[in-house]
Amino acid sequence: MPDQAILVVEGDITKQEVEAVVNAANTSLLGGGGVDGAIHRAAGPELLAECRTLQGCATGDAKLTRGYRLPASWIIHTVGPVWHGGAQHEDELLARCYRRSLALATKTGIRTLAFPAISTGVYGFPLERATRIAVREVRAFLEENYSLERVLFVCFDRNTRDCYQKVLAEC
Ligand code: AR6
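Remember, the numbering used here sits 787 above the position in the sequence shown when you count from 1.
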C-alpha cells in the first residue's frame with residue numbers, strides 16, 4: 788500500500804509547509820477577499836504579475852503559478868461555483884475544482900498539497916455538502932494516484948474543522 792495521508796488542519800493556508808497550496812480564486816484570477824486576498828498578500832506582488840498573464844480561469848478549472856514569498860513553491864488557482872441553490876451544476880463544478888487541482892498537482896510532480904474549503908465563504912456553498920464533495924474527490928483521486936503523499940484540508944475556523952473531521956470519520 789502507498790503511504791498517503793489526508794489531514795485536517797485548523798489554521799491559515801498561507802503558513803502551511805507544503806509544496807503547493809490551492810487558492811479559491813475568481814474567474815479574473817486578479818485577487819479578491821477571503822483566502823484569495825490572504826494568498827496574494829502573503830505571496831507578494833509578483834503573484835499578481837504572473838496571474839495577469841494567465842487570462843483568467845473558468846469556473847471548475849485550475850491554473851498554476853509559482854508561490855513567490857509563500858513557504859509553498861506553487862499555487863494552484865481554482866474557481867469554485869457561486870451557490871445558486873444547487874440546481875445550476877454547483878456540485879459537479881465544485882467536484883471538478885478538486886479533480887483539476889489534483890491532476891495539475893500530480894502533473895507538476897507535487898507530493899504535498901493543501902486545500903481551503905473552496906466556495907464555502909463568499910460563494911455561499913453549504914459547508915457540509917461542500918465538505919462531502921471535497922473528501923469524496925480527494926479520496927477517489929488518491930486511490931488512483933500514488934504520487935501524492937499528503938493532502939491537507941486547511942480550515943480557517945473551528946466550525947469548518949469540525950465539519951471536515953465529522954465527514955472524514957463517517958465514510
Ligand atoms: N486560510 C485558509 N482558509 C481561509 C483563509 C486562510 N488564510 N481565509 C479564508 N479562508 P472564500 P470562496 C476560508 O470566501 O467562497 C474571494 O474574494 C474561509 O473561511 O475565501 O470560494 C475570491 O476572489 C472559507 O472557509 O472563498 C472569490 O471572488 C474558505 O476559506 C471569492 O472570494 C473559502 O472562503 C471566492 O469565494
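All C-beta atoms in this analysis are idealised placements derived from N, C-alpha and C, irrespective of residue type, glycine included.
Assuming residue i is part of the beta strand (DSSP E), what are its boundary residues?
i	result
Val864	Contrary to the premise, residue 864 reads as His rather than Val in this sequence. First-last of the beta strand (DSSP E) with His864: 861 to 866.
Lys850	849 to 853
According to DSSP, residue i sits in a beta bridge with which residue or residues?
i	result
Val938	Ile793, Leu900
Val809	Ile863
Cβ-heavy atom distance between residue i and the ligand AR6 below 7 Å?
i	result
Ser906	yes
Thr801	yes
Tyr968	Absent from the structure is residue 968, since the part of the chain shown begins at 788 and ends at 958.
Tyr910	yes
Asp790	no
Ala825	yes
Pro913	no
Thr947	yes
Can you name the start and end residues of the alpha helix (DSSP H) that residue i belongs to?
i	result
Asp823	821 to 830
Phe928	914 to 931
Thr814	Note, Thr814: premise wrong, no alpha helix (DSSP H); not H, not E.
Leu955	945 to 957
Can you give the beta carbon distance from residue i to residue j, rounded, assuming they're within the 8 Å contact cut?
i	j	result
Val809	Arg948	Not confirmed; about 17 Å, so no contact.
Leu900	Leu935	7 Å
Val909	Gly847	About 17 Å; that fails the 8 Å criterion.
Ser815	Gly843	6 Å
Thr865	Ala825	So it is not a contact: roughly 15 Å between Cβ atoms.
Cys884	Ile897	With 8 Å as the limit, Cys884 and Ile897 do not qualify as a contact, their Cβ atoms being about 16 Å apart.
Q.
For the pair the stretch 885 to 899 and the stretch 866 to 876, tell me if three or more CB-CB distances fall below 8 Å.
A. no
Q) Quick check: the stretch 800 to 814 against the stretch 849 to 863, are there 3 or more CB pairs under 8 Å? A) yes
Q. Are the stretch 920 to 928 and the stretch 828 to 838 in contact at 8 Å, needing three or more beta carbon pairs?
A. no
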